[in-house]
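Residue numbers (the working numbering): 17 to 701.
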């Protein structure tokens with residue numbers, strides 16, 4: 017590094033040549049370079065050699081392009097010489113920073129020496145001071161040398177987007193600063209330098225390329241304005257670190273990522289460098305989301321070793337050789353990149369591995385595989401082949417875990433209420449409970465699941481809506497009342513709907529021990545007035561309510577017995593008689609719902625018939641056994657025979673017979689009120 021007097025060092029004017037101002041002074045443009053002003057002044061005053069001006073100012077330079085590094089103590093003399101204000105030249109000088117000057121003896125570290133560049137700084141090797149680069153098309157509009165043409169990071173002119181040239185197309189001589197025939201002329205053959213034949217910068221890169229040029233601009237106000245639009249984490253970076261990050265991340269995400277990278281972005285060829293600064297600049301807005309999304313997009317199009325190499329390059333941005341502020345920025349923006357490789361390649365969204373899913377949700381690896389095949393989660397494949405590495409969206413997995421934890425199988429509600437499965441389906445249709453619809457939950461469990469909070473609310477409301485006074489004498493259990501309705505699909509949804517809203521009076525059995533028993537069925541603990549419940553059970557089921565409810569086409573033995581109004585142990589007699597076809601699945605036996613309903617329409621059970629005839633159940637059964645004209649089957653008495661013998665009996669209507677006449681003597685319906693023990697015999701309290 018050439019030694020020069022510091023800016024604070026006093027200049028001995030008497031030892032320097034007398035300043036003779038030029039005849040034709042210069043008028044500095046805002047973006048004009050310092051050496052460009054000297055070259056223009058040399059050409060305008062026909063001095064031929066730029067050293068005439070620099071030597072009179074007090075500098076003896078073998079390379080005139082270095083004038084910006086050494087002229088700061090002599091800036092007033094230079095201003096008087098070329099005829100301008102010294103204040104207009106201050107931002108155009110680029111001396112070494114004090115830190116670089118202190119390290120000047122360490123020759124092995126000269127690659128990171130920094131120079132002042134306007135209000136910021138650049139690495140010294142980012143400036144091309146020995147050769148003159150120009151943009152001939154831009155010179156046609158204004159014939160002055162721009163500072164952008166000194167910067168090695170800008171291989172294209174930000175104004176015209178043409179490729180900069182540094183040699184004469186006519187004679188092949190390199191353009192320099194020792195002699196000046198004009199900024200756009202070759203000092204050897206004096207011909208006007210022709211524009212580059214290379215393609216101009218692509219239009220899609222132009223906007224970000226110009227934004228980068230403003231970010232490193234020495235012109236007062238330009239850099240500050242561009243910095244103000246960036247995130248505070250980016251503004252906190254030193255100027256060289258910010259430039260290094262933009263170029264490195266742009267190279268990594270660009271189309272030329274396969275090109276080799278040496279210690280400096282200037283090691284790239286000019287198209288690759290221009291693409292790097294443009295792509296890198298495009299990652300800065302909306303920090304760090306834009307960066308993470310761009311990296312995710314790049315990784316989505318790569319596989320295997322390509323992804324591993326990209327990860328290695330990202331980590332290299334924050335290794336021990338990188339500036340500390342840059343390393344801190346990268347680790348904060350991309351923390352996943354510094355975890356183990358299986359977790360590090362997901363930067364577009366937080367992810368979880370299959371083992372993490374198993375720990376969180378309590379499922380096994382086979383279930384995770386089923387979820388992956390069902391495509392209910394967004395996934396990222398970090399490694400293909402026989403041993404695949406898959407990452408799953410963390411937000412979606414956590415949402416699945418929440419729904420799985422906060423839902424339960426519908427069979428638990430059915431068992432707690434003591435109702436069949438089809439009753440739960442009706443409760444869903446009536447909106448009393450909410451159906452769980454999360455796709456991942458449905459993949460792992462084909463059973464109907466309910467939101468647990470809605471089930472808890474249902475039981476809470478039923479407990480609070482019950483009457484507190486003593487039940488009347490004609491109150492029976494809800495279970496016994498339901499057995500008086502047959503031949504149809506009972507409308508349990510309507511019953512529970514009315515119970516919850518106190519439109520049907522009911523009382524809970526006040527037995528604390530029984531209420532704590534898990535085997536206690538809710539329908540056996542509830543006492544109701546039979547007529548109020550029977551009317552609701554016979555209400556037709558609204559098909560519009562059941563439109564979006566999953567309806568089972570089969571039912572279990574217990575549910576079939578409930579629909580037939582017989583005891584579950586009697587289902588063996590029904591199957592032995594061949595009245596119902598069934599299928600075995602493990603220990604379970606399933607019947608088709610339609611077959612069970614047809615059988616219920618064909619037979620009438622003792623509880624239903626006793627209610628319709630207005631008699632006491634066991635006594636009615638005993639009387640029917642004595643009759644030969646009413647046939648008995650596996651599920652009760654033939655409904656057609658009963659209707660034929662009792663033509664005044666309308667199945668499904670209110671009791672119409674006031675008196676039983678037939679074998680066994682007369683029976684007065686009012687005797688029901690005198691047989692409380694018989695009615696409550698089945699009440700499990």
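All C-beta atoms in this analysis are idealised placements derived from N, C-alpha and C, irrespective of residue type, glycine included.
Margin query: Just verifying my parser: in three-state terms, what is the DSSP assignment at residue 193?
Written below: Position 177 of the chain shown, counting from 1, holds the residue named residue 193. Coil.
Notebook entry, point to check: Using a Cβ-Cβ distance under 8 Å, would residue 154 count as near chain D?
Noted result: As a matter of chain content, chain D is missing from the structure shown, which is built from one protein chain.
Notebook entry, point to check: In terms of alpha-carbon separation, which member of 98, 135, 86 and 81 lies closest to residue 107?
Noted result: One-based indexing of the chain shown puts residue 107 at position 91. In this structure, 135 is the residue among 98, 135, 86 and 81 with its C-alpha nearest to the C-alpha of residue 107.
Checklist line | Simplified DSSP assignment, three categories, for residue 137 | finding: Translated into positions along the chain shown, residue 137 becomes position 121. Residue state, collapsed to three classes: strand.
Margin query: Could you check whether residue 431 and residue 467 sit closer than 8 Å to each other, using their CB atoms as the reference points?
Written below: Numbered from its first residue, the chain shown carries residue 467 at position 451. Numbered from its first residue, the chain shown carries residue 431 at position 415. No, they are not a contact pair.
Checklist line | Exposure label - residue 620; buried when at least 16 CB within 10 Å | finding: Translated into the one-based positions of the chain shown, residue 620 becomes position 604. Answer is buried; the Cβ neighbour count reaches 16.
Notebook entry, point to check: How many whole angstroms separate the CB atoms of residue 464 and residue 426, which I take to be in contact at a CB cut-off of 8 Å?
Noted result: In the chain shown, the residue the question calls residue 464 occupies position 448. In the chain shown, the residue the question calls residue 426 occupies position 410. Indeed, because the Cβ distance is near 4 Å, the residues count as touching under 8 Å.
Next item on the list: Kindly give me the distance between the Cβ atoms of residue 208 and residue 175, rounded to whole angstroms, as I take these residues to be in contact under 8 Å.
Entry: Numbered from its first residue, the chain shown carries residue 208 at position 192. Numbered from its first residue, the chain shown carries residue 175 at position 159. The Cβ separation is near 18 Å, so there is no contact.
Next item on the list: Report the rounded CA-to-CA distance for residue 67 versus residue 248, giving the unit in angstroms.
Entry: To locate residue 67, count along the chain shown from 1; it is residue 51. To locate residue 248, count along the chain shown from 1; it is residue 232. Linking residue 67 to residue 248 through their CA atoms gives a straight-line distance of about 45 Å.
Check: Would a C-beta distance cut-off of 8 Å place residue 295 and residue 260 closer than the cut-off?
Finding: On the chain shown, position 279 is the one that residue 295 refers to. On the chain shown, position 244 is the one that residue 260 refers to. Contact: no.
Checklist line | Any beta strand (DSSP E) of 3 or more consecutive residues that is wholly inside the region 499-525 | finding: The qualifying runs are 522-524.
Check: Enumerated in chain order, which unbroken segments of the alpha helix (DSSP H) with a length of 4 residues or greater are wholly contained in the region 251-330?
Finding: Fully enclosed alpha helix (DSSP H) runs of 4 or longer: 255-269, 286-298 and 305-316.
Next item on the list: Compare the Cα-Cα distances from residue 256 to each of 228, 245 and 274 and report the closest residue.
Entry: Taking the first residue of the chain shown as position 1, residue 256 is located at position 240. Cα-wise, what sits closest to residue 256 is 228.
Checklist line | Residue from 186, 197 and 203 whose Cα sits closest to the Cα of residue 211 | finding: For the purposes of this step, residue 211 is identified with residue 195 of the chain shown, where counting begins at 1. Distances from the alpha-carbon of residue 211 to those of 186, 197 and 203 put 186 closest.
Note to self: I'd like to know whether the C-beta atoms of residue 522 and residue 434 end up nearer to each other than 8 Å.
What the structure shows: Stepping through the chain shown from its first residue, residue 522 is reached at position 506. Stepping through the chain shown from its first residue, residue 434 is reached at position 418. In this structure, residue 434 does not lie closer than 8 Å to residue 522 by Cβ.
Note to self: Using the three-state DSSP reduction, which class does residue 573 fall into: helix, strand or coil?
What the structure shows: Looking up residue 573 in the chain shown gives position 557. Three-state result, residue 573: helix.
Checklist line | Check whether residue 53 and residue 42 have beta carbons under 8 Å apart | finding: The residue given as residue 53 occupies position 37 in the chain shown. The residue given as residue 42 occupies position 26 in the chain shown. The answer is yes: Cβ separation under 8 Å.
Checklist line | Residue closest to residue 312, alpha-carbon to alpha-carbon, out of 414, 367 and 286 | finding: The residue given as residue 312 occupies position 296 in the chain shown. Taking residue 312 as reference, the option from 414, 367 and 286 with the minimal CA-CA separation is 367.
Item checked: Cβ distance (whole Å) where residue 230 is taken to contact residue 238 below 8 Å -> One-based indexing of the chain shown puts residue 230 at position 214. One-based indexing of the chain shown puts residue 238 at position 222. Your pair residue 230 and residue 238 checks out as a contact, with CB atoms roughly 5 Å apart and the cut at 8 Å.
Checklist line | Spatial distance of residue 182 from residue 147 (CA atoms) | finding: Taking the chain shown and counting its residues from 1, one reaches residue 182 at position 166. Taking the chain shown and counting its residues from 1, one reaches residue 147 at position 131. Straight-line Cα distance between these residues: approximately 7 Å.
Next item on the list: Give the secondary structure of residue 151 by DSSP, where H, G and I count as helix, E and B as strand, and everything else as coil.
Entry: In the chain shown, the residue the question calls residue 151 occupies position 135. Residue state, collapsed to three classes: coil.
Next item on the list: Enumerate in chain order the residues of its own chain whose CB-to-CB distance from residue 29 is below 7 Å, with the five nearest sequence positions on each side excluded.
Entry: The count along the chain shown starts at 1 and reaches residue 29 at position 13. Apart from sequence neighbours up to five positions away, no residue of its chain approaches residue 29 with a beta-carbon distance below 7 Å.
Check: Pairing CB atoms from the region 328-346 with CB atoms from the region 288-302, are three or more of them under 8 Å?
Finding: The region 328-346 is not in contact with the region 288-302.
Next item on the list: Report yes or no: do three or more beta-carbon pairs, one from the region 441-452 and one from the region 482-494, lie closer than 8 Å?
Entry: Counting Cβ pairs under 8 Å, fewer than three are found: no touch.
Check: Should residue 281 be labelled buried (16 or more other beta-carbon atoms within 10 Å of its own) or exposed?
Finding: Stepping through the chain shown from its first residue, residue 281 is reached at position 265. Burial check for residue 281: the Cβ neighbour count within 10 Å reaches 16 or more, so the residue is buried.
Check: By Cβ distance, which residues of its chain are closer than 8 Å to residue 109, with the 5 residues on each side in sequence left out?
Finding: Within the chain shown, numbered from 1, the residue matching residue 109 stands at position 93. Cβ within range, chain order: 50, 84, 85, 87, 88, 91 and 132.
Checklist line | For residue 379 and residue 372, the rounded distance between their alpha carbons | finding: Here residue 372 corresponds to residue number 356 of the chain shown, with the count starting at 1. Here residue 379 corresponds to residue number 363 of the chain shown, with the count starting at 1. One C-alpha to the other measures close to 10 Å.
Note to self: The alpha helix (DSSP H) that contains residue 98, what's its start and end?
What the structure shows: Walking along the chain shown from the start, residue 98 turns up at place 82. Per DSSP, residue 98 belongs to the alpha helix (DSSP H) from 91-98.
Notebook entry, point to check: Under 8 Å between the Cβ atoms of residue 202 and residue 184?
Noted result: As a first step, residue 202 must be located in the chain shown, where it is residue number 186. As a first step, residue 184 must be located in the chain shown, where it is residue number 168. Yes.
Next item on the list: Have a look at 408, 333 and 484 and flag the residue whose alpha-carbon is nearest the alpha-carbon of residue 376.
Entry: The residue labelled residue 376 in the question sits at position 360 within the chain shown. Closest option to residue 376, Cα to Cα, is 408.
Next item on the list: With a 10 Å radius around its C-beta and 16 neighbouring C-beta atoms as the bar for buried, classify residue 225 as buried or exposed.
Entry: In the chain shown, residue 225 corresponds to position 209, counting from 1. Here residue 225 is buried, its C-beta having at least 16 other C-beta atoms within 10 Å.
Next item on the list: Note down the Cα distance separating residue 626 from residue 457, rounded to an integer number of angstroms.
Entry: By 1-based counting over the chain shown, the position of residue 626 is 610. By 1-based counting over the chain shown, the position of residue 457 is 441. Here the alpha carbons of residue 457 and residue 626 stand approximately 46 Å from one another.
Checklist line | residue 578 classed as buried or exposed, judged by whether at least 16 other C-beta atoms fall within 10 angstroms | finding: If you number the chain shown from 1, residue 578 lands on position 562. Result: buried.
Notebook entry, point to check: Could you give the residue range of the beta strand (DSSP E) that holds residue 354?
Noted result: As a first step, residue 354 must be located in the chain shown, where it is residue number 338. Note, residue 354: premise wrong, no beta strand (DSSP E); not H, not E.
Checklist line | Backbone CA spacing between residue 598 and residue 582 [nearest angstrom] | finding: The residue given as residue 598 occupies position 582 in the chain shown. The residue given as residue 582 occupies position 566 in the chain shown. In a straight line, the C-alpha of residue 598 is about 17 Å away from that of residue 582.
Check: Which first and last residues belong to the alpha helix (DSSP H) in which residue 656 is found?
Finding: The residue labelled residue 656 in the question sits at position 640 within the chain shown. From DSSP, the alpha helix (DSSP H) with residue 656 extends over 655-661.
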